[in-house]
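Working notes for the structure below.
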Amino acid sequence: MRWWGPRISDTHRGMPMIDFKINNGVGIATIDQPKSKANILNAEFFESLNLLLDSVEKYEDLKGLVFISAKPSIFLAGADLVSMRAKLNDQNWLGEVVSLGQKTFNRIEQLKIPTVAAIHGACLGGGLELALACSHRIASSDKCTKIGLPEVMLGILPAWGGTTRLPKLIGLTKALPAILSGKAYAPQQARKMGIVSEVCYKENLKKSAIDLCSKKRTWNNPCRSLQWLIAPIVFYFARKTIMRQTRGNYPAPLKIIEVVKKGIFIDKNKSLDLERKAFLNLSQTKACKNLIRIFFLQEKAKKGPSPAINTKPIESIAVIGAGTMGAGIAHWISSRGKNVLLKDISEEAVASGLKKIGKLFISAVLGYKMDRSTVRACLGKLATAKNNVPLDNRDLAIEAVVENFDLKTKVLAQTEESLPESSILATNTSALSITELGKKLKRPDKFIGIHFFNPVHKMKLVEIVVGKETSQETVSRTINFVQSIGKLPVVVKDSPGFLVNRILLPYLVEAIRLFLHGHSVRAIDNAMLKFGMPMGPLRLLDEIGLDVASHVALDLKKRLKDFKVPSGLDEILSTKALGKKTNGGFYLYDKGKSTGINPVFKKLQNKNPIPCDLAKQMVATMTEESRKCILEEIAETTDDIDFAMIMGTGWAPFRGGPITHARQWK
C-alpha cells in the first residue's frame, strides 16, 4: 500500500506523534503532532497509531487504553485535506486512504480492553470517527471542545466508520440529522445526544477517562428493535427536507441517506464498504471540488497572510451609533473577548442598543452556543456612553450611524478629535465612498472602511474598504483585527458598491425588470432557488427593503455609467409596499412570515412576458459585473470575488462562485 504522504520514519524520526505510557495498568496514548498546532489524520498519524496498536495487542495485563491530546484546543481536527485536495482525482489513492482509516479504527474497536477517547478541543470528522471506534467517550466542558462530523460541508460523507457507527451508538433519529447537518456540538449537547457519556472539567479529564476503563462497552442499538418500524418514516422525511432545502443540488446529503438506509441493518464490514464507495463517488463531483476549494479560501481568510507592517493588536474598540448595525457590531466584538464602548447621542438610543445585544446573548444561551458565565464575561467587556466621552484609550473607533453622507462626515470628524493619533478610524458604510468621507479628516491615512454585513452575528464576511489615502499599516492592522474577532476579511478597492453590493444590485435590479416585463414573482424566485441561491431575489428585496435597495441602486446609477434602473421602480416605491417592514412588498407578511404574493404590483406588469431562461439571465448579470470587477481591480484576486459572494450573499457554494460558475458550467 502507498502511504498517505511521507512515512513517519523519514520525516519525524525521534519525534513520535503518539506518546505511550502506562499509568496504574492503563495505557495513555497522548497524540501530539510535531511542529503543528493541530492533530490531523495523515500518514504519520496512521503509522504511529498502528505501531501503538501492535504494542497494545501484546500487553497481557493492560486494563484499558486512553486516547488524549497534548494540544491546548484540539483533540483531532480531521483528515489531511491538503493531501486530499492534491490527490482528489486519484481514485486508487483515495480508496487506499479510506481503507487504511477503516482498518485502523476497526483494530481499536476489536481490542479486548476498554478504550476511551478523552476529548478536549475540536474532535471533528475523522477525529470523531476514531472516538466512535472506542468503547467510551468523555469530553471536557471547555468552550473549545466541539464534536461533530462536518464532511457533508465538503461534499463528501464520513467514510472511516462515522456513517456506520454513529446510528448504532445514538439511534437513527439523532444520528441522521447530525451527519446531514455537519453540525459541531458543544460538550453538553453531545452528552444529551449520547455521543459522549460524560462531561467534566478539563483538569479532571485524564482521571475520569482512566476510571471509565473499568466499564464495559454499551451500544444503544435501537436499530434492531423499534428502528425497523420508524426507519422508513425517518428516511422519507429526511429526504423530503433535504430536497426542500437544497433542490437536489448537493449530492452528499442524498448519498448519506442512501448509505445509512442500506447500512443500519447489515454487517458492519458491508456498511463500511458502502461508505468507501460513496466517498469515492462523491469525491469526483463538481460540488465536492468547489466546496473543498471554498473551505481552503475560508482558512486563508482566517489566517492571512496580512502585511505585518505594524503588528500592534487592536484590543479596545469604540462603536459610534447604537442602531441595528452598531449594536450588532458591539455585541460581536464583546463576544470575542475584546473591550468595546457603545456610544450614541441619547440614553434611549443606548438602551435600545443594549436591548438588542441582550436578545442576541439570550439566543446564544438558548442555542447552546454560550453558557451564562461566558455571557457575563462578555457583558463585562461592554461599556456604554452618550456622546462627548473621551476615546483616548481606544485602538479603533467604528462609526455605524445611518447611511447619510453629511451625518457620517460630521460624526467621523468629531470621533477623530477624540482618538489618539495612533488609532484607526473606520466607517461601516455599505456604499458611500471612503475616499470622499476621508477628505475632511486630519488623518485620512488612518481611515478605512470596515463593512460588516447584516445580521452581524450570522454573516462571516467583512469587506475591508481601502481609500486612496489609507495606509498599508492601517490595512494590515484592520485585517488582523477582523481575523481576531472571528470574521473573514476580503480587501476591496473604494469603488461604487464596493464588491458584494456592486455584483448583487444588478442581479436584484434584473429581477425587478423581469417582474415588470410580466414574469411572476414565484417564477423568478423559484428559478434562483433551483439554481441554488438561499433565497429568491424578490424575497431578498423584501428583506432588505425596497426603499433601501432603491437608494443603493440610484447611487450606483450616478456613479457607474453602464448601470441602469428599471423605469417602473418609482411606481413600485409609490405604493409604499416596501417589503417585510411594511408587511408587504413582493410578498405579503403577517408577524414577519410570508402569507402569499402581494397583488399590489400586478397592475405594473406587462401582460405578455417574453419567454426566457430566467436563472440564466439573472446569473449573467452577476457574471458580467464580476468580470468588470476583475478589470477594475476591485478585489485582489478572482478567488476573492467568488469567496465574497458566497460568504456575503449565500451565492450557491456548490457552484463555486460567479467566476468559477462561468468557467465550469458553460
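Sequential numbering from 0 applies to the sequence shown in numbering that gives the first Met the number 0. C-beta atoms are modelled at their ideal positions from N, C-alpha and C, and glycine is treated no differently.
May I have the straight-line CA-CA distance separating T434 from K556, to the nearest angstrom? 19 Å
Determine which residues share a DSSP beta bridge with R136 and list them. A116
8 Å contact criterion, which V115 and V65 should meet: CB distance rounded: 5 Å
Inter-residue Cα distance where the pair is G448 and Y506: 24 Å
Straight-line gap, S593 to P536 (C-alpha atoms, nearest Å): 15 Å
Out of V400, A251, L204, T414, point me to the one whose CA is closest to P389's CA. T414
C-alpha gap between I209 and V25, whole angstroms: 7 Å
Return the chain-ordered list of same chain residues with a C-beta closer than 7 Å to the C-beta of P454, the five sequence neighbours on each side being excluded. G327
Closest by C-alpha distance to C143, when choosing among A37, F530, I17, W650: A37
What does G147 pair with, by DSSP beta-bridge criteria? L123, A183
How many Å lie between K580 and G544 at the Cα? 7 Å
Can you give me the start and stop residues for the alpha helix (DSSP H) that K276 sits inside? 267 to 282
Quick check on S417: does DSSP put it in helix, strand or coil? helix
Looking only at its own chain, which residues have a Cβ that is under 7 Å from the Cβ of P5, when we skip the five neighbours before and after it? Summary for P5: the model assigns pLDDT 29, below 50, so the residue's position carries little reliability, and this model does not support an answer.
Check L235 in the structure and name its three-state DSSP category. In the sequence as presented, Leu is not what sits at residue 235; that position holds Tyr. In this structure, Y235 counts as helix in the three-state DSSP scheme.
For T473, which of D493, T574, K445, K606 has the nearest alpha-carbon? K445
Look up L424 in the DSSP assignment and say whether it is helix, strand or coil. strand
From K342, A286, H518, I397, residue whose alpha carbon lies closest to that of A651: A286
How would you write the range of the beta strand (DSSP E) that E509 sits in, first residue to last? Per DSSP, E509 belongs to no beta strand (DSSP E); it is in the alpha helix (DSSP H), 499 to 515.
Looking at the strands, I want to know which residues DSSP matches up with E197. I137
Quick one: Cα of I107 to Cα of V258, how far? 23 Å
Buried or exposed by the 16-neighbour rule on C-beta atoms within 10 Å, applied to R654: buried
Between S625 and V461, what straight-line distance do the alpha-carbon atoms span, to the nearest angstrom? 18 Å
What does a CB cutoff of less than 6 Å around I291 pick up in its chain, not counting 5 residues either side in sequence? R84, L153
Check for me: the beta strand (DSSP E) holding I629 runs from which residue to which? Unbroken run through I629 is the alpha helix (DSSP H), 613 to 630; no beta strand (DSSP E).
Quick check on the DSSP output: the beta strand (DSSP E) that includes F19 runs from which residue to which? 17 to 22
Flag this pair as yes or no: are the beta carbons of H119 and K201 separated by less than 8 Å? yes
Report yes if the CB atom of R512 is closer than 8 Å to the CB atom of I633, and no otherwise. no
Are at least three pairs of beta-carbons, each pair with one atom in the stretch 512 to 530 and one in the stretch 600 to 616, less than 8 Å apart? yes
Is the beta carbon of G125 less than 8 Å from the beta carbon of P149? no
Grab me the residues of R442's own chain with a C-beta within less than 8 Å of its C-beta, minus the 5 sequence neighbours each way, in chain order. E415, E420, L424
Residue from L110, F74, S35 with nearest C-alpha to S54: L110
Between H456 and H330, how many whole angstroms is the CB-CB distance? I'm expecting something under 8 Å. 7 Å
Assuming contact is defined by CB atoms lying nearer than 8 Å, are E314 and K342 in contact in what I supplied? no
Can you check whether the CB of L279 is closer than 8 Å to the CB of Q471? no
Three-state secondary structure assigned by DSSP to I356: helix
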